[in-house]
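Novice: Mind having a look at this structure? Questions to follow.
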Amino acid sequence: MQKQRPTRIGIGSDLHRLENGGGFMLGGLFVESDFSVIAHSDGDVLLHALTDAILGALGEGDIGELFPDTKEENRNRPSSDFVKAAVEMMNRAGYRIGNVDAIINLEKPKLGSLKPEMKKSLASLLGVSPELVNVKAKTAEQTGAVGEGKAVSAEVAVLLFRRECENES
Ligand code: MG
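Its first residue numbered 586, the sequence shown is counted upward by one per residue in our numbering.
Quick look at the structure:
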């Protein structure tokens, strides 16, 4: 068997459309808003991108393969389930989180005050210290789907370390 790499990198991105509503889930938190997210699950783009980043680092495909939106059991499912499943796969493969860097693209509301809580929420889901997680929020200058308030999206990069390599050094 090929020797596992000491580090692996992954990226994930996701976008969901917005409609008039009473708020939506983002990074495991409820964001109060005049919009809600159109989705099969709870539509948490940040957790979907995070899940895909971890799966990508592991070389394990993507969230759609693991949790198809054609399956009734995934309807309105909390996206924390997807992250937890990816973390379990990471643990089984012998890796741990090195660090996570995330970008949320949303025109409004401004997320500045929520970012520290979001960082803690992601860290708690991943079982790591908040200092290993960074969350950035951007608007899209009123252009494109995000800028026109029609969508929310997120990108996440993750670095994994192989546990056994750390024990060797
Ligand atoms: Mg999604």
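Glycine included, every Cβ here is placed at the ideal spot set by N, Cα and C.
1. Just to confirm the assignment: which complete beta strand (DSSP E) runs, minimum length 3, are found wholly within the segment 644 to 700?
2. For Val743, collect the residues of the same chain with a Cβ closer than 6 Å to its Cβ; drop the 5 residues on either side in sequence, then sort them by chain order.
3. Closest to Asp654 by C-alpha separation, out of Ala624, Tyr680 and Glu645, would be which residue?
4. Since Gly597 is in the alpha helix (DSSP H), which residue starts that stretch and which ends it?
5. On the DSSP bridge list, what partners appear for Ala739?
6. Taking Cβ positions, are Gly613 and Val741 nearer each other than 8 Å?
7. Considering only the alpha carbon of each residue, which of Gly607, Phe667, Glu657 and Asp666 lies closest to Pro694?
Specialist: Quick answer:
1. 680 to 690
2. Gly595, Ala638, Ile639, Ala642 and Val685
3. Ala624
4. No alpha helix (DSSP H) contains Gly597, which is instead part of the beta strand (DSSP E) from Thr592 to Asn605.
5. Asp599 and Ile689
6. no
7. Gly607
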